[in-house]
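Residue numbers (this note's numbering): 1 to 622.
Working notes, structure below.
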Amino acid sequence: MSELRTDSEGLFRAFAALANPYTGIGTSRSKTENVQVNIGKSRLNRTSLEALPYRDELLRKAVCLYPECAAKAWFKLAIANNKSGDNLPDLMMEYIAELGNREDKTQEEDEAEIYGANDAFPIAAILARQFGKAYILIGIDDGKEFSEPVDKNNIKSVRWLQVYDCWELYPDWGNNRTRQPLFYRLYSHTSDQQYGEKIHKSRILPFWGNRIYSRRNHFRTGLNDDGVSVIQSMYDAYVDWLQGIKAGSAMLADYDVFTLGMKGLGERLLQDQEEGTNKGEQQIIKRSLALDMGKSVVRGIYYDLENEEPGSVNRSYGGAKDIMESLENRWAAVSGIPKFKLFGEIGSQGLTNNQGLAMRSEWAILVQDYAHGWVSNLRKLLTYTFLAKDSPSKGKLPELWDIEVPFDLQLTDSERMEYEKLAAERSKILTEIGAIAPEEVRTGYEGSQFSSHYVLSEKGESDREDMIEQRNEVRTDDAATVQRIIEWNGLKIGLQYLPFQLRHGKMLPVGYGHIQKTKGADGMALDVYVGTKLNSPKIFAISQYIDGKFDEEKLFIGVESKSEAEAIYKQIMPEEFFGGIREVMRSQIEIRNDSDQLLTDEEWEQLATVTAADFMEVATDL
């Protein structure tokens, strides 16, 4: 076996031409001697930035997700005290959406690449995230050149919108490099405008990817140096991550420790010490190097079965997974998109319903926050369109108007039902305290989808006070004295009000009173309206609701149809009190004899004495 050991030096020399800094072959055994930190970051050119999103789905998501979701939710225009008589907010939003499809387009406009606002805004935002910055050029017919400010007093129409990236449209800084240049230069060969034309900033809507507010950008990416591409930021993160991966690989290699047991190892070292030489030590070193090189290069180990025993130290590196995941965290940070959305974790197996809803809610909040960055540009565009003579506003700018950014949370069917349930509970409380009326609650169900927002009725403050007063009056017991008593189909009715008398401030077209020896839902005798057609045997019951809650039933006699009874009731009481009508039989009205509080026949007779003929005579004479 001594021959094999002395041959180790020759084997080492045979592999001397191979060098691998990560395994130590042909180099120092210390990996740190070959570590280099690259602090330089290369800048991606336009060709790379343009091609990468089409080659990698992850980069496409980073560029497009926010603009596409914000465009899907879009915006709502709110105008206070709109006196135009039509739905002006919707008409104005439709106007800017159809800028690219105007019916009066010229041939030049028809051949150009023009858009409406719903398309131009997301395209510009995507190009901004892709290249760092982008612009929308507004085609305004105001009789001025593009290099002149917009004449707001002479806008005939807003014709079109065109989109350019930061390589096609530059700020014309001149000698003053400010954050807000006064002019821009157009350098797009495909543009219908003259190449190199000067454009005033009032005709430009800027969009940014990752915006830099410093006047001096360290990287100097060009004239548009206040915007950085999201792809560039992700590339920089990737470079840093790659260095970490390489360092982690070296660490993992160091953790792979090879062992070799040699028979008589201690005796050889002791012999060297006694003889004052290192012959045995050198043989051990050369043998170990030879075995290690064989393991690294030829993936095999040759050892003496009788005198050597190879092995390894088992270790685990728990941080390896964290190193691999660090890129995901960094990419999520630089793109602004959470990991669960960027890497498609929503809808993954193992997530609970609440976790999925929480993720979708967080994404809806982020999209809403991102969309707020478009509001200033949209406000500028809408201001021009309000002032345009051919717009629905006819050139008039409203005094009070605002742009609403919707919260576009995508719900499942079961989540939507739970949401409507919570909204219904809130509506019930608000109607019970009189804050809103039932018909105002119904406005949330009038659109194509349920809305938790209410549209308040246009009643004035005095009308609302009258309604509240009427409700309060209805809630109290009517203590008016009985003026007349009539008998109808075996029922004795005490009339507290005769036709054409005032009750709750309104003139009654019929009589009103109570039926003797009955008890309604309010614990009092049944209320009844008495018409003049007492020959009709029909009895109708109207369900009365107050603040959206059932109060009691009001009976009608002396009428011939449901429609007649309903019309009389709505003439007397607020329409929102009406909760439906049904016909009842005389046999369904129960005469009670079990309460000491009910008047006896004699007591009723003492109150007044009148026949049905007398009532008819009085009603006819009035």
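Glycine included, every Cβ here is placed at the ideal spot set by N, Cα and C.
In the three-state scheme derived from DSSP, where H, G and I count as helix and E and B as strand, Lys389 is classed as coil. Cβ-Cβ distances below 8 Å link Asn329 to Lys339 in the same chain, with the five nearest sequence neighbours on each side left out; the list follows chain order. For Glu404, the enclosing beta strand (DSSP E) has its first and last residue at Trp401 to Glu404. Under the DSSP definition of a beta bridge, Val528 partners with Gly513 and Leu555. In this structure Arg426 is exposed. Its beta-carbon is surrounded by fewer than 16 other beta-carbon atoms within 10 angstroms. Secondary structure of Thr277 (DSSP, three-state): coil. Exposed is the label assigned to Gln588, since fewer than 16 other Cβ atoms lie within 10 Å of its Cβ. Among the bridge pairs identified by DSSP, Val441 is matched with none.
Between the alpha carbons of Asp272 and Lys286 lies a gap of roughly 16 Å. The Cβ atoms of Val63 and Ile126 sit closer than 8 Å to each other. The Cβ atoms of Ser391 and Thr385 sit closer than 8 Å to each other. In the DSSP annotation of this structure, the continuous segment of the beta strand (DSSP E) that includes Tyr545 starts and ends at Ile539 to Ile546. Within its own chain, the residues whose Cβ lies closer than 8 Å to the Cβ of Gln501, once the five positions on either side in sequence are excluded, are Met507 and Leu508, listed in chain order. According to the DSSP assignment, Ser157 belongs to the beta strand (DSSP E) that extends over Ser157 to Asp165. In the three-state scheme derived from DSSP, where H, G and I count as helix and E and B as strand, Trp488 is classed as strand. Under DSSP, Met507 takes part in a beta bridge, and its partners are Leu502.
Cα atoms of Asp551 and Glu487: separation of roughly 27 Å, rounded to the nearest angstrom. Rounded to whole angstroms, the gap between the alpha carbons of Leu58 and Glu50 is 14 Å. For Ile403 against Leu378, the beta-carbon gap comes to about 6 Å, under 8 Å, which counts as contact.
Nearest neighbour of Pro171 by Cα position, chosen from Glu68, Ile199, Ala423 and Asn153, turns out to be Ile199. Secondary structure note for Leu65: its alpha helix (DSSP H) is the uninterrupted segment Glu57 to Ala73. Nearest C-alpha to Leu182 among Phe146, Arg211, Val158 and Asn154: Phe146. Residue pairing by DSSP places Ile493 opposite Ile486 and Ile515 in a beta bridge.
Between Ile493 and Gly520, the C-beta gap is not smaller than 8 Å, which leaves the two residues out of contact. C-alpha of Tyr238 to C-alpha of Leu327: approximately 7 Å in a straight line. For Arg582, the beta-bridge partners assigned by DSSP are Ala541.
Under the criterion of beta carbons closer than 8 Å, Thr431 and Asp240 do not qualify as touching, at roughly 59 Å. Taking the CA atoms as reference points, Met92 sits about 11 Å from Leu99. Leaving aside the five residues that flank Asn101 on each side, the residues in its chain whose CB is nearer than 8 Å to its CB run, in chain order, Gly116. For Lys198, the enclosing beta strand (DSSP E) begins and ends at Lys198 to His200. Taking the C-beta atoms as reference points, Thr259 is found nearer than 8 Å to Gly311. For Ile79, the uninterrupted beta strand (DSSP E) segment begins and ends at Lys76 to Ile79. Taken through DSSP and simplified to helix, strand or coil, Trp173 comes out as coil. A direct Cα-Cα distance of roughly 35 Å separates Ala435 from Trp374. For Asp90, the enclosing alpha helix (DSSP H) stretches over residues Leu88 to Ala97.
In terms of CA proximity to Glu309, Gly261 leads the group Glu325, Gly280, Gly261 and Ala333.
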